[in-house]
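Following: one structure in structure tokens, then a few remarks.
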């Protein structure tokens with residue numbers, strides 16, 4: 185009985201050791217499109233296009249234009265060299281001092297295909313809207329895209 189337990193325990197340790205190395209890299213932060221103040225953290229996609237759009241309205245009390253909404257718009261390019269069936273996206277909004285202002289869930293991307301003979305890029309841009317109270321402080325965003 186003791187010998188069987190030792191063999192079982194050693195087998196369990198070996199299996200868990202083997203399978204711990206099977207995890208994909210969680211993400212790589214790139215400075216892609218940093219001129220647009222849009223950064224990406226992902227190991228399976230890159231930004232094909234991105235920009236921040238600031239909507240301003242005139243505030244009669246302050247007698248100046250104030251930011252009322254920021255749209256982060258982006259499209260992905262598949263670099264995983266395989267089809268991606270589902271991609272979960274989170275967009276983090278930051279101020280000039282890299283303090284996080286807010287987090288929004290982006291639209292889930294389904295079926296981002298890969299074809300070695302065709303460079304597939306998403307056709308429809310994804311848009312995440314930020315219109316919280318501190319919207320005027322938004323300077324840049326970080327998009328986090330992880331395969332589900």
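Residue numbers (the working numbering): 185 to 332.
Here a beta-carbon is modelled for each residue, glycine too, at the ideal position from N, C-alpha and C.
All values derive from a computational prediction rather than experimental measurement.
Just checking my contact of residue i with residue j at CB under 8 angstroms: how many whole Å lie between their CB atoms?
i: residue 275; j: residue 288; result: 5 angstroms
i: residue 267; j: residue 298; result: 5 angstroms
i: residue 259; j: residue 230; result: About 10 angstroms separates the two Cβ atoms, so there is no contact after all.
Within the same chain, show all residues whose beta-carbon is closer than 6 angstroms to that of residue i, passing over the 5 residues directly before and after it, in chain order.
i: residue 315; result: 253
i: residue 211; result: Reliability fails at residue 211, whose pLDDT of 47 lies under 50, so the model's placement of it is uncertain and no value is given.
i: residue 243; result: 250
i: residue 312; result: 256, 275, 288, 290
Short of 8 angstroms in beta carbon distance, which residues of its chain neighbour residue i, apart from the five on each side in sequence? Order them along the chain.
i: residue 221; result: 236, 323, 324, 325
Does residue i come out as helix, strand or coil in the three-state DSSP assignment?
i: residue 220; result: helix
i: residue 328; result: strand
i: residue 237; result: strand
i: residue 320; result: helix
i: residue 228; result: coil
Hey, out of the options, whose CA is closest to residue i's CA?
i: residue 223; options: 257, 332, 268, 331; result: 257
i: residue 269; options: 294, 197, 188; result: 294
i: residue 304; options: 262, 248, 328, 189; result: 262
Residues in the same chain with beta-carbon distance under 7 angstroms from residue i, minus the five sequence neighbours each way, listed in chain order, please.
i: residue 318; result: 285
- Query: What are the uninterrupted segments assigned as beta strand (DSSP E) that are 3 or more residues long and contained completely in the segment 248 to 315, given in chain order?
  - Reply: 248 to 262, 268 to 278, 284 to 289, 293 to 296, 310 to 314
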